[in-house]
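Here my numbering is used: the first residue of the sequence shown is 32, the next is one more, and so on. Glycine included, every Cβ here is placed at the ideal spot set by N, Cα and C. A quick note: this is a predicted structure, and the numbers were derived from the prediction, not measured. Worksheet: the structure to be examined is printed underneath.
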Amino acid sequence: MSAIELEDLTKVYATGVTAVDRLSLDVAPGEFVVLVGPSGCGKTTALRMVAGLESITSGTVRLADRVVNAVSPRQRNVAMVFQNYALYPHLTVAENIGFALANKGVPKTDRDRRVREAATVLGLSDLLGRKPRQLSGGQRQRVAMGRAIVREPAVFLMDEPLSSLDAKLRVQMRSEVLRVHKAIGAATLYVTHDQVEAMTMGDRIAVLSDGVLQQYGRPRELYDQPANLFVAQFIGSPEMNVYQAAVDVSGDLVLGSQRIPLGSLDPGLAPYAGRPVIVGVRPEDLALGPASAGLPSGSGTLAADIRVVESLGSELHAVFSIDAAVAGTRELAAAAGEAADSGQLDLAYNGVARLDGRAMIRSGERVAFRVDPSRLHFFDPATGAAITRETSAASSGVAVPSRGIAGAVG
């Protein structure tokens, strides 16, 4: 039995805008599932439909196998934590946490017990007598969570609860939210636009774009086996480098003026021999090789000009350019198109390599990156769908519609 089940959930506004388009997914009891995607992709709308705060155009919401489309929010046994803490400034922490219980007429002894239990879980026991103005941002967020916990709901819904916190506190609160989740054990549906937050917190992640589910699976599945170009570039920081390329009949990958031997051609790539493809490589899969001068074509390395070196202490981000047109985001594709038209494909930027922090590399240097063909990702240039990941993608609940992908293909 699923704690939450969405079946073909759709929301179309009166203006004709489709905010959520046939969204189907399930959340198991005790599971922490993250809805992630760029602003305006429909994730908050989907969450509000589960909560009963937004009407459903079509489709079904089930909570513990019970259809709740027509059930009021108060009777759905869900608790929602918002981005805005919405604490009452004149009430103490204890009064804020127990406010909903007091409204429901829960006896004071029972109410006080539940407030104390929630405060213990959240580490707020010493702060129960304080007012919100006397709390830090993280403490206020924990009070907001406590207000949800005391209701003892079957399902938690969280709408970007950490987005108003500073970067350091957000990292700390991610661990705090997960600790509370494990202590409570209720199924949680969590919305964020931050893919790092999604990857570090979710048991499973649902990636949305333009209201359409692009892929649903475990974090490692999405990272290693992206279903399409959108997921490949959205998941991962820095994002995947993607280029317009071709596979020639001999089995080499042609990338600008350079060739990378693929060895035995993946069966999925065979139909693309002699045709264009989009190839992607993650920044950490580029390793410094020998000096590029004099390397023969097809050496398995990629010659690149280093433009900027960013030191992050433990690692370096080397921003580089190669003589290959980028693909994927509209901005980079447009830049590559303009460069190609002018005959200057030596772009100021079209890739990033993530290297060891002690790597000896300088801006303006020409280097060679070793490329492991098994770490390359291939995508159909017309649809953006992954070429070589059909079996694994299907097993992880993937949707590869044309809507929401076409805009990501250069």
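State the Cα-Cα distance for the pair residue i and residue j, rounded to the nearest angstrom.
| i | j | result |
| --- | --- | --- |
| residue 217 | residue 409 | 39 Å |
| residue 225 | residue 231 | 10 Å |
| residue 300 | residue 418 | 7 Å |
| residue 304 | residue 219 | 45 Å |
| residue 372 | residue 356 | Residue confidence is low: residue 372 scores 46 on pLDDT, short of 50, so the model does not pin down where it sits. No coordinate-derived value is stated. |
| residue 207 | residue 313 | 30 Å |
| residue 398 | residue 384 | 11 Å |
| residue 184 | residue 33 | 15 Å |
| residue 134 | residue 142 | 11 Å |
| residue 193 | residue 63 | 16 Å |
| residue 163 | residue 138 | 24 Å |
| residue 412 | residue 118 | 50 Å |
| residue 350 | residue 334 | 13 Å |
| residue 172 | residue 110 | 14 Å |
| residue 56 | residue 390 | 44 Å |
| residue 222 | residue 187 | 11 Å |
| residue 60 | residue 297 | 39 Å |
| residue 72 | residue 140 | 44 Å |
| residue 274 | residue 154 | 49 Å |
| residue 105 | residue 36 | 19 Å |
| residue 115 | residue 382 | 37 Å |
| residue 204 | residue 176 | 11 Å |
| residue 395 | residue 319 | 15 Å |
| residue 407 | residue 271 | 10 Å |
| residue 233 | residue 189 | 12 Å |
| residue 45 | residue 54 | 19 Å |
| residue 420 | residue 241 | With a pLDDT of only 42 at residue 420, under the threshold of 50, the placement of this residue in the model should not be trusted; the figure read from the coordinates follows. About 23 Å. |
| residue 496 | residue 358 | Lying outside 32 to 441, the shown extent of the chain, residue 496 is not represented and no answer is given. |
| residue 215 | residue 151 | 12 Å |
| residue 65 | residue 86 | 22 Å |
| residue 195 | residue 213 | 23 Å |
Tell me, to the nearest whole angstrom, how far the beta carbon of residue i is from that of residue j; I am working on the premise that it is less than 8 Å.
| i | j | result |
| --- | --- | --- |
| residue 386 | residue 347 | 5 Å |
| residue 353 | residue 392 | That belief does not hold up - the Cβ atoms of residue 353 and residue 392 are roughly 15 Å apart, past 8 Å. |
| residue 67 | residue 236 | 6 Å |
| residue 253 | residue 238 | 7 Å |
| residue 170 | residue 158 | 6 Å |
| residue 309 | residue 276 | 7 Å |
| residue 284 | residue 293 | 6 Å |
| residue 42 | residue 75 | The pair is not a contact, with the Cβ atoms about 11 Å apart (cut-off 8 Å). |
| residue 331 | residue 251 | Actually they are not in contact, since the Cβ atoms of residue 331 and residue 251 sit about 27 Å apart, beyond 8 Å. |
| residue 344 | residue 388 | 6 Å |
| residue 83 | residue 102 | 7 Å |
| residue 79 | residue 131 | About 19 Å; that fails the 8 Å criterion. |
| residue 245 | residue 258 | 6 Å |
According to DSSP, simplified to helix, strand and coil, what is residue i?
| i | result |
| --- | --- |
| residue 206 | helix |
| residue 404 | helix |
| residue 36 | strand |
| residue 341 | strand |
| residue 271 | coil |
| residue 462 | Because the chain in this structure spans residues 32 to 441, residue 462 falls outside the shown range and cannot be described. |
| residue 297 | coil |
| residue 315 | helix |
| residue 113 | coil |
| residue 251 | helix |
| residue 107 | coil |
| residue 123 | coil |
| residue 284 | strand |
| residue 95 | coil |
| residue 46 | coil |
| residue 447 | Nothing can be reported for residue 447: it is not among the residues displayed for the chain, which extend from 32 to 441. |
| residue 386 | strand |
| residue 102 | coil |
| residue 69 | coil |
| residue 256 | coil |
| residue 263 | helix |
| residue 302 | helix |
| residue 412 | coil |
| residue 90 | strand |
| residue 52 | strand |
| residue 118 | coil |
| residue 41 | strand |
| residue 60 | coil |
| residue 376 | In this predicted model, residue 376 has a pLDDT of only 38, less than 50, meaning its place in the structure is not dependable enough to derive any value. |
Using a Cβ-Cβ distance under 8 Å, would residue i count as near chain C?
| i | result |
| --- | --- |
| residue 295 | No chain C appears in this structure, which consists of one protein chain only. |
Is residue i close to the ligand HEM? I mean its beta-carbon at under 7 Å from any heavy atom of the ligand.
| i | result |
| --- | --- |
| residue 81 | The ligand HEM is absent from the structure shown, which contains no ligand whatsoever. |
* Unbroken alpha helix (DSSP H) runs of length 4 or more, entirely within the stretch 188–239: which are they? -> 198–215, 226–232
* Touching or not, the stretch 92–109 and the stretch 265–274, by the rule of three or more beta carbon pairs under 8 Å? -> no
* Can you check the stretch 127–186 for any alpha helix (DSSP H) of at least 4 residues that lies completely inside it and give the ranges in chain order? => 130–134, 139–153, 168–180
* Asked: Is it a yes or a no for the stretch 110–128 touching the stretch 142–152, going by three-plus beta-carbon pairs under 8 Å?
  -> yes
* Within the chosen definition, does the stretch 82–91 reach the stretch 251–263 through at least 3 CB pairs nearer than 8 Å? -> no
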